[in-house]
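Peer 1: Residue numbers for the sequence shown follow full-length UniProt numbering, so the first one is 1 and each next one is one higher.
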Amino acid sequence: MSRRRQIYEGKAKILYEGPEPGTLIQYFKDDATAFNAQKKGTIQGKGVINNRISEYVFTRLNHIGVPNHFIRRLNMREQLVRQVEIIPIEVVVRNVAAGSLSKRLGIDEGEQLPHTLIEYYFKDDALGDPLIAEEHIACFGWASNEEMQDMSSMAIRVNDFMCGMFAAIDIRLVDFKLEFGRIWDGDYSRVILADEISPDGCRLWDINTGEKLDKDRFRRDLGGEEEAYQEVARRLGLLQDDAGPSEVFDLAKHRKRRGK
């Protein structure tokens with residue numbers, strides 16, 4: 001597809017104007033960042049894998065009635081999406097204590113939470129995407145009460161679906177980030193799921209070994225980022241290799257097989 005005018009470039013994706021009004025082309029980069037871009041690097045092939053995984057998840061969510069911006073995948077790194085007005089709130093859904101939650105509250109990483117926890121963060125890299133309460137959202141008008149209800153109900157539905165989807169391939173869904181946007185019809189708007197769902201924004205652990213299969217491998221200098229992302233895609237049936245579908249991911253063995 002011929003290159004179009006660039007609309008926006010973020011840490012992991014570039015948005016270009018789409019072929020039709022109300023559409024965008026979303027390009028997935030191999031760039032990797034952590035700690036609000038204080039740490040930067042590259043995970044070879046990440047953009048290709050994330051494009052495929054996000055396509056797979058958004059397509060399945062559409063099948064169960066979760067409205068989202070995905071239209072179709074165009075090629076290895078690009079997909080056509082609906083243009084939305086992004087709501088400046090990151091919705092984080094947590095099933096297991098990990099990351100910033102463990103640090104803030106002194107909870108051991110890996111501890112199962114009593115129930116699913118939803119947190120909200122203000123999307124602002126300069127401020128470090130601070131944790132906010134629903135009262136902040138209402139006070140500053142970032143989203144209406146109705147929009148908040150829609151986002152939280154969709155987040156719970158996405159969580160229920162993805163917990164089952166990943167458990168079926170021996171992956172524990174620890175937590176994940178969602179972003180939402182408005183689409184307009186005259187003066188009326190509705191909220192739909194946007195951005196991406198991939199190992200960049202999800203914590204995914206092997207159920208049997210606890211091996212991390214997500215961007216924490218980059219954040220914590222664990223190595224094997226490429227293999228981890230590929231393993232998630234392989235278990236979802238998006239990649240084919242010599243490994244059987246029931247093989248437990250062994251990072252050292254996987255590296256040796258690939259000559260790393």
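Glycine residues also receive a C-beta, built at the ideal position from the N, C-alpha and C atoms.
Fair warning: this is a prediction, and the values are worked out from it, not measured in the lab.
How many Å lie between S246 and R235 at the Cα?
Peer 2: Taking the sequence shown and counting its residues from 1, one reaches residue 246 at position 246. Taking the sequence shown and counting its residues from 1, one reaches residue 235 at position 235. Unreliable placement is indicated for S246, whose pLDDT of 38 sits below 50; the coordinate value is still reported in the next sentence. About 8 Å.
Peer 1: Give the secondary structure of T30 by DSSP, where H, G and I count as helix, E and B as strand, and everything else as coil.
Peer 2: If you number the sequence shown from 1, residue 30 lands on position 30. Correcting the residue identity first, residue 30 is Asp in this sequence and not Thr. Looking at D30 - three-state DSSP - the assignment turns out to be coil, as it is neither helix nor strand.
Peer 1: Helix, strand or coil: which one does DSSP assign to V91?
Peer 2: Locating residue 91 in the sequence shown gives position 91, counting from the first residue. In this structure, V91 counts as strand in the three-state DSSP scheme.
Peer 1: Within the region 193-239, note down every full alpha helix (DSSP H) run reaching 4 residues or more, in order along the chain.
Peer 2: Fully enclosed alpha helix (DSSP H) runs of 4 or longer: 216-219 and 225-235.
Peer 1: Are the CB atoms of W205 and R172 nearer to each other than 8 Å?
Peer 2: Translated into positions along the sequence shown, residue 205 becomes position 205. Translated into positions along the sequence shown, residue 172 becomes position 172. It is a contact, given that the beta carbons lie within the stated cut-off.
Peer 1: Helix or strand or just coil, what does DSSP make of D125?
Peer 2: For the purposes of this step, residue 125 is identified with residue 125 of the sequence shown, where counting begins at 1. Note: D125 maps to helix in three-state DSSP.
Peer 1: Below 8 Å on the Cβ atoms is my contact criterion, and I expect Q44 with E226 to pass it. Report the Cβ-Cβ distance as a whole number of Å.
Peer 2: Numbered from its first residue, the sequence shown carries residue 44 at position 44. Numbered from its first residue, the sequence shown carries residue 226 at position 226. Indeed they touch by this definition, with Cβ atoms about 5 Å apart.
Peer 1: Give me, in chain order, the residues of the same chain whose beta-carbon lies closer than 7 Å to that of M76; leave out the 5 immediate sequence neighbours on both sides.
Peer 2: For the purposes of this step, residue 76 is taken as the residue at position 76 of the sequence shown. Cβ within range, chain order: V48 and N51.
Peer 1: What separation, rounded to the nearest whole angstrom, lies between the Cα atoms of I7 and I197?
Peer 2: On the sequence shown, residue 7 is found 7 positions in, with the first residue counted as 1. On the sequence shown, residue 197 is found 197 positions in, with the first residue counted as 1. So the alpha carbons of these two residues sit roughly 21 Å apart.
Peer 1: Does the region 96-113 come close enough to the region 11-22 that 3 or more CB-CB pairs lie under 8 Å?
Peer 2: no
Peer 1: Determine, using beta carbons only, whether C139 and F176 come nearer to each other than 8 Å.
Peer 2: The sequence position of residue 139 within the sequence shown is 139, counting from 1. The sequence position of residue 176 within the sequence shown is 176, counting from 1. For C139 and F176, no; Cβs fall outside 8 Å.
Peer 1: Contact defined as beta carbons within less than 8 Å: I believe I71 pairs with R82. What is the distance between those atoms, to the nearest angstrom?
Peer 2: On the sequence shown, residue 71 is found 71 positions in, with the first residue counted as 1. On the sequence shown, residue 82 is found 82 positions in, with the first residue counted as 1. Confirmed, about 6 Å.
Peer 1: In angstroms, rounded to a whole number, what distance separates the CA positions of A194 and T209?
Peer 2: Here the question's residue 194 lines up with position 194 in the sequence shown. Here the question's residue 209 lines up with position 209 in the sequence shown. Straight-line Cα distance between these residues: approximately 32 Å.
Peer 1: Do you know offhand how far E231's Cα is from Y27's?
Peer 2: On the sequence shown, position 231 is the one that residue 231 refers to. On the sequence shown, position 27 is the one that residue 27 refers to. Those two C-alpha atoms are separated by around 22 Å.
Peer 1: How far does the alpha helix (DSSP H) with D160 in it extend, from its first residue to its last?
Peer 2: Here the question's residue 160 lines up with position 160 in the sequence shown. Its alpha helix (DSSP H) spans residues N145 to A167.
Peer 1: Report all residues from its chain with a CB closer than 8 Å to the CB of V66; omit the five preceding and five following residues, and keep chain order.
Peer 2: Numbered from its first residue, the sequence shown carries residue 66 at position 66. So the list reads M154, R157, V158, F161 and L193, once near-sequence residues are dropped.
Peer 1: Please report the Cβ distance between I183 and A143, rounded to the nearest whole angstrom; I am assuming they are in contact, meaning their Cβ atoms lie under 8 Å.
Peer 2: Translated into positions along the sequence shown, residue 183 becomes position 183. Translated into positions along the sequence shown, residue 143 becomes position 143. Actually they are not in contact, since the Cβ atoms of I183 and A143 sit about 14 Å apart, beyond 8 Å.
Peer 1: Taking Cβ positions, are A12 and F218 nearer each other than 8 Å?
Peer 2: Indexing the sequence shown from 1 puts residue 12 at position 12. Indexing the sequence shown from 1 puts residue 218 at position 218. The answer is no: Cβ separation not under 8 Å.
Peer 1: Name the DSSP bridge partner or partners of W184?
Peer 2: For this step, residue 184 is matched to residue 184 along the sequence shown. According to DSSP, which records beta bridges pairwise, W184 is partnered with S189.
Peer 1: Going by beta carbon distance, what residues of the same chain come within less than 7 Å of S54, once the five residues before and after it are set aside?
Peer 2: Looking up residue 54 in the sequence shown gives position 54. If we look at S54 and ignore the five residues flanking it on each side, its Cβ neighbours are E196, I197 and S198.
Peer 1: Less than 8 Å between the CB atoms is what I'm expecting for D129 and E90, so what's the real figure, rounded?
Peer 2: Mapped onto the sequence shown, residue 129 falls at position 129. Mapped onto the sequence shown, residue 90 falls at position 90. Contact holds; Cβ gap of about 6 Å.
Peer 1: For F239, collect the residues of the same chain with a Cβ closer than 7 Å to its Cβ; drop the 5 residues on either side in sequence, then sort them by chain order.
Peer 2: As a first step, residue 239 must be located in the sequence shown, where it is residue number 239. The sequence given here has Leu at residue 239, not Phe. The answer, listed in chain order, is Q230 and A233.
Peer 1: Mind checking whether I107 and F122 have CB atoms under 8 Å apart?
Peer 2: As a position in the sequence shown, residue 107 is number 107, starting the count at 1. As a position in the sequence shown, residue 122 is number 122, starting the count at 1. It is not a contact, given that the beta carbons lie outside the stated cut-off.
Peer 1: Just to confirm my understanding: we take Y56, look at its own chain, exclude 5 residues before and 5 after, and list those with CB closer than 7 Å. What are they?
Peer 2: Start at 1 with the first residue of the sequence shown, and residue 56 comes out as number 56. These residues qualify, in order along the chain: L236 and L238.
Peer 1: Give me, in chain order, the residues of the same chain whose beta-carbon lies closer than 6 Å to that of K40; leave out the 5 immediate sequence neighbours on both sides.
Peer 2: For this step, residue 40 is matched to residue 40 along the sequence shown. Result list for K40: T33, in chain order.
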